[in-house]
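Residue numbers (my numbering), protein chains in the order written: chain A, 39 to 655; chain B, 16 to 602. Think of the CB as a built atom: it goes at the ideal place given N, C-alpha and C, for glycine as much as any other residue. Here the structure is a predicted model, which is why all the values come from computation and not from measurement.
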């Protein structure tokens with residue numbers, strides 16, 4: 039492709055095919071979309087595609103099957119959609135493929151695999167009828183779930199690369215102004231103005247500059263960036279080229295963790311396709327822009343998500359942060375001005391250029407424009423990937439989209455911001471989700487992890503879980519993080535194992551404050567947050583652990599006992615048979631008892647007992 | 016340079032805009048505690064890892080505390096260095112550090128010299144409120160030169176910066192993550208199997224007891240106590256200008272006379288001078304150089320020039336591991352330490368009729384690589400080493416204290432003969448440029464056949480890492496290169512590999528920045544580079560005061576050749592005074 043005209047011609051040729059697939063027009067041709075994201079792939083979605091294709095062939099039908107990016111409703115995967123009808127099948131198995139096709143041949147719906155609304159018990163035929171999707175607005179995930187990530191034609195048919203073409207007709211400063219006016223802030227965690235970041239890199243003069251895409255997504259349970267790269271890699275490539283043009287860089291790098299093989303694979307294919315189409319390389323679209331993208335592998339260290347550590351790692355050095363200033367925009371990769379943006383931030387850029395700063399800034403709130411993708415996990419019914427406008431409340435996300443708490447249990451807290459964030463409670467549920475409100479409530483946006491907890495979750499253990507993570511992931515460079523996180527973890531272990539004392543609470547507070555204030559990088563500065571926020575909101579649980587040696591959630595093994603309820607036990611010996619340490623004694627039809635000394639609190643007896651005779655205290 | 020106004024602890028000051036808060040504080044005589052920070056600007060080393068966090072200060076308007084050592088000043092900045100928030104943070108950071116540091120100060124060889132210990136003292140640390148598991152799982156690693164106690168490492172990264180950025184050796188880097196992070200060779204191999212040259216600069220900058228020399232002073236006491244042994248000591252030129260610091264003398268005080276006296280009091284049978292061996296080195300090296308130049312002049316192709324000096328064992332280890340393809344160009348002369356050892360155990364042993372097996376040669380050196388050098392197999396005869404025990408300047412000072420000697424009250428004494436007489440040329444071996452200046456004094460006289468009046472080659476003296484001196488001697492142009500610090504050595508070697516564009520004929524290389532005066536075995540300078548400058552000045556004073564200032568004019572040397580060795584590069588000289596090099600493959 040040598041110019042914008044050719045790009046638009048290609049778009050014209052491809053667009054109806056894509057509109058049919060997105061359900062916006064009906065050409066009369068059916069298409070089957072199957073989620074080919076890592077989550078559904080692990081539930082054999084590729085085999086489903088294979089079986090679908092075989093069944094179509096056997097039935098002599100003319101239907102295309104496409105592996106697409108993530109639909110978001112991961113808890114109900116694998117997901118298969120029939121377009122343009124928008125029929126939504128969930129929890130599809132490889133054996134369902136034939137039935138789906140045979141129903142399709144008769145123009146029928148395969149009722150069995152339709153999603154059942156848990157409230158109304160009614161089967162939803164189309165996506166629109168599923169509450170999970172109701173409040174979502176997909177910008178970063180716009181193309182995820184209907185374009186084939188491995189087809190550049192699909193992306194072009196979905197207006198792909200038009201933002202780049204448009205950008206090349208503007209001046210770099212004009213592009214930067216659009217990004218600034220859109221109000222978009224970094225989606226990686228910090229929430230710094232993307233436009234300002236670009237402007238700093240633009241203003242620093244150098245013979246060489248770099249654009250870096252930070253795909254080192256590391257929060258436990260988070261997979262926003264992975265899904266974008268797996269489902270829509272071209273949006274990131276396009277955004278990087280736009281950024282390259284804006285700041286004056288001719289080289290881009292994607293720093294991606296080696297644990298993302300599918301994303302890597304699709305990214306490599308996408309870069310190759312973009313090069314072949316002349317959308318990367320020399321004189322892109324007939325302009326003066328030369329821009330190409332290379333990939334750098336990360337070994338999966340969490341700290342490498344911090345931009346200076348990421349740059350160190352890219353240079354082949356140990357992945358550890360350096361003091362700022364100098365900021366990467368001044369001295370980054372190979373000491374040249376470098377702009378580092380996270381995947382999700384970049385995925386928004388083409389939309390902003392195409393639709394304008396004004397359009398984007400009207401989505402979300404005044405100071406946090408646009409949307410945010412969250413990986414919804416924990417004790418929630420609808421586990422998956424959601425994208426909502428900023429300003430949506432936590433309650434809307436957890437109850438309206440997430441479908442509430444599993445088994446109708448009581449909501450206890452929600453952790454946002456991953457290991458850097460904090461816990462929010464019932465009283466915070468109406469907090470609008472935006473960068474500043476979350477910080478004000480003692481948590482943070484982070485990169486988008488959202489873990490919901492119920493009454494069975496021990497808050498001291500939650501803090502311990504995150505500290506285990508940060509202690510493990512600390513690079514070890516600075517004293518407060520290297521030794522401090524270790525000490526914090528040690529104190530939490532003491533408390534959860536029943537050796538805590540009240541001085542520990544004081545010590546936690548003191549260490550947390552100092553670690554926050556003195557650590558070198560964001561990892562250490564935010565590592566104490568899970569402790570500080572649980573201490574603030576659930577100090578009573580800490581005190582219970584210490585003074586009463588009690589864990590109300592029954593999750594701290596050293597503080598609980600499995601006991602036999604003498605009123606309920608019928609002497610069936612079922613528990614005795616499953617006990618791995620043979621610590622249950624008792625004869626048939628006689629009340630059993632548990633030897634506490636040998637009990638390892640595995641819970642096997644409790645889950646086996648049919649008479650509710652095993653109690654935990 | 017533009018200026019900025021900042022306020023620190025209520026005091027205003029104008030500083031250069033590229034200053035750090037720490038530098039601004041210094042101007043106001045505010046002494047911020049630092050541990051990892053080390054600014055050896057003249058040696059071109061600044062450790063700016065900002066990793067210990069002990070120097071945190073509060074900058075108004077910023078959420079977190081910032082490190083004074085790495086944070087640049089900004090106009091209008093308001094800094095508080097000792098409010099309760101800062102003091103609490105600093106104290107807690109130190110407590111964290113101490114909670115993971117073995118409290119072995121009583122038996123630690125850095126005791127009294129440890130920056131962490133000083134810090135605890137300064138903070139009045141009477142109780143460490145933070146406790147927990149310590150990093151004791153790490154094994155210790157002991158080579159003949161350097162001992163690593165990884166459980167004492169505070170991750171300041173000074174050694175790593177020194178090893179990689181200044182010395183360009185690349186033996187040390189941080190490994191493992193989080194609490195288990197330490198500085199170690201690749202794959203955690205022993206230092207002995209790494210590319211380490213044993214220069215000891217890491218030991219010199221280590222603020223704690225994580226890196227120290229391998230102490231052998233007790234073996235000296237045992238040898239001295241053994242009536243069957245004749246114990247000989249030799250000592251290098253750089254020791255006498257630094258030893259006094261251990262006894263409260265001003266840096267740069269020449270304590271040669273008291274040092275010799277101390278040796279005698281300790282009970283050494285003969286006190287010899289490595290400077291004598293340095294003169295002998297020059298006889299061989301200058302001959303070798305002139306011979307190579309002669310071959311070049313006669314039109315011979317592929318003459319192995321430039322000739323590199325070979326006195327420094329760390330430098331020899333460096334070329335053997337990093338530039339094995341250049342091993343034909345160094346001079347084949349042994350180092351002065353080894354030359355004194357072999358002459359003592361042959362010529363002198365025969366003279367006093369002692370079997371070499373009954374002679375113990377102790378060497379007191381400013382250097383840790385000399386310990387490694389003395390252990391090289393080819394420097395032994397039937398397993399008996401030419402030099403038996405090598406002590407650092409620091410270990411020697413320790414030995415004096417241990418033996419109840421009041422160093423300051425000692426009378427000046429002279430070395431024993433015949434291996435104690437030396438020229439000024441031998442003395443300047445201890446500083447960068449000295450070896451090549453000494454060689455030049457001799458070579459020039461040999462070329463011209465005339466007596467040289469002014470022996471001070473100022474063009475060869477200086478502080479820069481690489482210096483070039485061009486000499487014209489009759490019709491001969493000799494281009495001389497000087498490198499100090501292995502990083503500078505690497506630069507020159509790469510230049511030679513690229514075709515020797517400056518047409519250098521001889522290059523002096525010393526592994527340590529500024530030469531042996533800043534050796535890895537010298538009293539700790541604690542980052543004060545003025546000390547090194549004063550030692551250097553003292554070395555040149557020793558030279559200046561000598562009546563004999565050229566190696567070939569040393570009567571004992573002349574006598575040695577006449578009685579025993581024959582000619583420089585002759586058969587016997589070659590056998591005793593020259594060596595071969597081995598390519599070494601290490602990681």
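Do residue i and residue j have their C-beta atoms closer together than 8 Å?
{"i": "residue 129/B", "j": "residue 218/B", "result": "no"}
{"i": "residue 376/B", "j": "residue 402/B", "result": "yes"}
{"i": "residue 454/A", "j": "residue 423/A", "result": "no"}
{"i": "residue 214/B", "j": "residue 535/B", "result": "yes"}
{"i": "residue 249/B", "j": "residue 352/B", "result": "yes"}
{"i": "residue 449/A", "j": "residue 464/A", "result": "yes"}
{"i": "residue 309/A", "j": "residue 294/A", "result": "no"}
Can you find the residues in the same chain that come closer than 6 Å, C-beta to C-beta, to residue i, ignoring five residues on each side of it along the sequence?
{"i": "residue 633/A", "result": "621"}
{"i": "residue 547/A", "result": "none"}
Leaving out the 5 sequence neighbours to the left and right, which residues in its chain are closer than 7 Å to residue i when beta-carbon positions are compared?
{"i": "residue 168/B", "result": "197, 198, 225"}
{"i": "residue 294/B", "result": "437, 438, 440, 441, 566, 569, 572"}
Closer than 9 Å by beta-carbon distance: list the chain A residues that pair up with residue i, in chain order.
{"i": "residue 191/B", "result": "514"}
Quick check on this structure: which residue in the options has the alpha carbon closest to the alpha carbon of residue i?
{"i": "residue 193/B", "options": "162/A, 380/A, 576/A, 517/A", "result": "517/A"}
{"i": "residue 127/A", "options": "291/A, 165/A, 393/A", "result": "165/A"}
{"i": "residue 19/B", "options": "92/B, 393/B, 70/B, 79/B", "result": "92/B"}
{"i": "residue 636/A", "options": "601/A, 311/A, 75/A", "result": "601/A"}
{"i": "residue 575/B", "options": "124/B, 444/B, 600/B, 292/B", "result": "292/B"}
{"i": "residue 508/B", "options": "22/B, 414/B, 335/B, 155/B", "result": "335/B"}
{"i": "residue 129/A", "options": "115/A, 357/A, 52/A, 278/A", "result": "115/A"}
{"i": "residue 133/A", "options": "172/A, 84/A, 334/A, 98/A", "result": "84/A"}
{"i": "residue 438/A", "options": "429/A, 420/A, 552/A", "result": "420/A"}
Residue i CB to nearest chain B CB: under 8 Å?
{"i": "residue 524/A", "result": "yes"}
{"i": "residue 220/A", "result": "no"}
{"i": "residue 297/A", "result": "no"}
{"i": "residue 552/A", "result": "yes"}
{"i": "residue 225/A", "result": "no"}
{"i": "residue 88/A", "result": "no"}
{"i": "residue 149/A", "result": "no"}
{"i": "residue 211/A", "result": "no"}
Against chain A, does residue i count as a neighbour if the rule is that its beta carbon must be under 8 Å from one of theirs?
{"i": "residue 82/B", "result": "yes"}
{"i": "residue 444/B", "result": "no"}
{"i": "residue 202/B", "result": "no"}
{"i": "residue 147/B", "result": "yes"}
{"i": "residue 298/B", "result": "no"}
{"i": "residue 213/B", "result": "no"}
{"i": "residue 66/B", "result": "yes"}
{"i": "residue 108/B", "result": "yes"}
Starting from the C-beta of residue i, find all residues in its chain whose C-beta is less than 8 Å away, skip the five residues before and the five after it, and write them out in chain order.
{"i": "residue 602/B", "result": "200, 201, 202, 204, 208, 209, 210"}
{"i": "residue 467/B", "result": "456, 459, 460, 565"}
{"i": "residue 269/A", "result": "75, 106, 107, 108, 179, 181, 182, 183, 185, 187"}
{"i": "residue 502/A", "result": "527, 530, 531, 534"}
{"i": "residue 393/B", "result": "594, 595"}
Residues of chain B with CB closer than 7 Å to the CB of residue i, please, in chain order.
{"i": "residue 363/A", "result": "87"}
What residues from chain A crowd round residue i, counting only those whose CB sits closer than 7 Å?
{"i": "residue 111/B", "result": "517, 518, 521, 522, 525"}
{"i": "residue 115/B", "result": "521"}
{"i": "residue 138/B", "result": "Chain A residues near residue 138/B: none, gap ~14 Å exceeds 7 Å."}
Going along chain B in order, which residues have a C-beta closer than 8 Å to the C-beta of residue i?
{"i": "residue 392/A", "result": "Here the premise fails: no neighbours, minimum Cβ distance about 37 Å."}
{"i": "residue 531/A", "result": "In chain order: nothing, as chain B lies at least about 10 Å away."}
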